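Quick notes on the structure that follows.
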Amino acid sequence: MDDDSVVDLADDLYDVIGLLRRRSRRLVGAPLPELALSGAQLELVRVVRRNPGVAVAEAARVLGLAPNTVSTLVGQLLALGVLERERDDQDRRVARLDLTPSARSGLEQWRDRRAQATASALAGLTSAERSRLAAALPTIARIAADLLEPTDAVVHESDGSGPRAEPEPVMRP
Numbered sequence: 563m564d565d566d567s568v569v570d571l572a573d574d575l576y577d578v579i580g581l582l583r584r585r586s587r588r589l590v591g592a593p594l595p596e597l598a599l600s601g602a603q604l605e606l607v608r609v610v611r612r613n614p615g616v617a618v619a620e621a622a623r624v625l626g627l628a629p630n631t632v633s634t635l636v637g638q639l640l641a642l643g644v645l646e647r648e649r650d651d652q653d654r655r656v657a658r659l660d661l662t663p664s665a666r667s668g669l670e671q672w673r674d675r676r677a678q679a680t681a682s683a684l685a686g687l688t689s690a691e692r693s694r695l696a697a698a699l700p701t702i703a704r705i706a707a708d709l710l711e712p713t714d715a716v717v718h719e720s721d722g723s724g725p726r727a728e729p730e731p732v733m734r735p
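Quick note, the numbering used here runs 562 ahead of the 1-based positions in the sequence shown.
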């Protein structure tokens, strides 16, 4: 595959992922729609849902954001009743995050709706198509992991603070 074909494949990949996300959101709505959470807030909520008890600094690493940016998001989500924060028993300087029971319940209901809608669409595929899709998922995950190398990647933060190197995620976002 030549360089132009690789660029076209990259464009196609983003087009398909974007279409999947938009159609899914249109069909099942956004998680916790009553709160109208920002994209950054939702990303943090997803990290906390997948990693209960995550430290603020670790969540910042997973998201590729500055710790003070994540601390601001945490404050917003605490005020909205989405997150709970507790001090670590071993190191009182460390804050551990978890979802409130109501936020967890709302996210689980949304996730179930999204999974059911997607499963319905997947059921329309042949067994061979589902197998090919399942086989492609690790490759897509590797592409996501390889997009930025921690030593030379530059990310512009949404808060306007400018570029910085992004660390390698160690948890699921």
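The beta-carbon is built from N, C-alpha and C at its ideal position, and this holds for glycine as well.
What you are looking at is a predicted structure, and each value in this text was computed from that prediction instead of being measured.
- Residue environment: G668 is assigned as buried (16 or more neighbouring CB atoms within 10 Å of its CB, all protein chains considered).
- Looking at the backbone, the Cα of A681 and that of R694 are separated by about 15 Å.
- DSSP lists R658 as the beta-bridge partner residues of E648.
- Apart from sequence neighbours up to five positions away, the residues of its chain that approach P629 with a beta-carbon distance below 7 Å are V618, A619, A622, ordered along the chain.
- Distances from the CA of L640 to each of R692, V624, D660 were compared; the closest alpha carbon is that of D660.
- If you look at G637, you'll find it in the alpha helix (DSSP H) that goes 629-641.
- When only Cα atoms are considered, S633 and A657 end up about 10 Å apart.
- The C-beta separation of L571 from V644 comes to about 38 Å, leaving the pair out of contact by the 8 Å criterion.
- In the three-state reduction of the DSSP assignment, A685 falls in the helix class, which pools H, G and I.
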